[in-house]
Amino acid sequence: GENVEQHPSTLSVQEGDSAVIKCTYSDSASNYFPWYKQELGKRPQLIIDIRSNVGEKKDQRIAVTLNKTAKHFSLHITETQPEDSAVYFCAASTGGTSYGKLTFGQGTILTVHP
Amino acid sequence: GAVVSQHPSWVICKSGTSVKIECRSLDFQATTMFWYRQFPKQSLMLMATSNEGSKATYEQGVEKDKFLINHASLTLSTLTVTSAHPEDSSFYICSARAGNSGELFFGEGSRLTVL
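Structure follows, in structure tokens:
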């Protein structure tokens with residue numbers, strides 16, 4: 548089955564700096580890669596996603612890049628703010644009837660210091 | 011936007027009892043729902059895929075007789091933790107998709123504590 552590795556496990560940055568979180572996946576059939584932000588005790592919130600036919604996607608301060616050949620994808624947050632502090636999870640999924648069956652990375656605890 | 015609701019949001023029970031958690035899609039029909047378990051400070055792990063009108067598909071290592079899943083309608087899936095033990099204490103989260111390629115929505119999660 549799919550295996551998703553996520554690094555780093557913790558990331559501490561100063562407000563205004565950029566944060567980068569990286570994930571690798573093992574199943575070349577995976578074609579959907581969402582990123583989630585989860586605050587303590589709450590549901591994961593989708594912040595951005597990318598499909599395998601796209602190499603990069605950006606939404607304001609958040610961007611995701613995908614390298615299918617190397618099987619890795621990364622989350623980039625620019626101009627970080629204290630409210631960005633949370634746990635971030637990458638995930639991977641194949642399409643078709645398995646769409647929605649997500650394999651999550653281990654998570655990254657992001658702390659943005661004012 | 012679409013909403014997936016879980017109930018209860020938290021539950022405390024005695025060891026040996028059974029607990030039922032409901033996952034409802036409030037404004038869309040979900041032919042497929044997914045159940046995840048998240049232990050403290052860990053990632054979400056898929057337990058099973060719940061298909062309306064048919065048996066659930068369980069991930070390796072998940073006991074189907076302990077975690078009973080029923081998806082009797084297009085808007086409701088239930089997870090029953092039977093004979094719960096302290097090691098079953100966890101955050102259980104469901105997700106649902108609208109159609110085969112629709113957006114995924116997560117429920118609020120249900121925190122189970124077994125004493």
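Protein sequences appear in the order of chains Y and X.
Add 547 to the 1-based position in the first sequence for the numbering used here, that's all there is to it.
Add 10 to the 1-based position in the second sequence for the numbering used here, that's all there is to it.
Just so it is clear, CB atoms sit at the ideal spot from N, CA and C, and this is done for glycine as well.
Taking just the CA atoms, how far does residue j sit from residue i?
| i | j | result |
| --- | --- | --- |
| M43/X | G654/Y | 23 Å |
| F116/X | S15/X | 8 Å |
| R47/X | T85/X | 20 Å |
| V611/Y | S565/Y | 13 Å |
| H619/Y | Y572/Y | 6 Å |
| Y102/X | T41/X | 20 Å |
| I549/Y | T625/Y | This sequence places Glu at residue 549/Y; Ile is not what is there. Roughly 29 Å between the two C-alpha positions. |
| E62/X | A108/X | 13 Å |
| K604/Y | D596/Y | 8 Å |
| P555/Y | S120/X | 28 Å |
| H660/Y | Q70/X | 40 Å |
| T88/X | F38/X | 17 Å |
Should residue i go down as buried or exposed, given a rule of 16 or more other Cβ atoms within 10 Å for buried?
| i | result |
| --- | --- |
| A507/Y | Since the displayed chain Y opens at 548 and closes at 661, residue 507/Y lies outside it and no answer follows. |
| F49/X | exposed |
| S60/X | buried |
| A638/Y | buried |
| V634/Y | buried |
| R34/X | buried |
| G588/Y | exposed |
| T27/X | exposed |
| P591/Y | buried |
Comparing alpha-carbon positions, which option in the options lies nearest residue i?
| i | options | result |
| --- | --- | --- |
| I609/Y | H619/Y, K615/Y, S599/Y and L593/Y | L593/Y |
| L649/Y | G26/X, V13/X and L54/X | L54/X |
| N578/Y | K569/Y, L558/Y and V601/Y | V601/Y |
| I31/X | L125/X, Q70/X and S105/X | S105/X |
| S25/X | D98/X, Y102/X, G119/X and E118/X | D98/X |
| D574/Y | S559/Y, T641/Y, P591/Y and S556/Y | T641/Y |
| T658/Y | V560/Y, Q553/Y, F580/Y and W582/Y | V560/Y |
Would the beta-carbon of residue i fall within 8 Å of that of residue j?
| i | j | result |
| --- | --- | --- |
| Y68/X | A82/X | no |
| A94/X | I79/X | no |
| L114/X | S100/X | no |
| S621/Y | I568/Y | yes |
| E586/Y | C570/Y | no |
(message) Is it the case that the stretch 62-76 of chain X contacts the stretch 17-24 of chain X, given that we only count it when at least three CB pairs across the two stretches are under 8 Å?
(response) Output reads no: the stretch 62-76 of chain X does not touch the stretch 17-24 of chain X.
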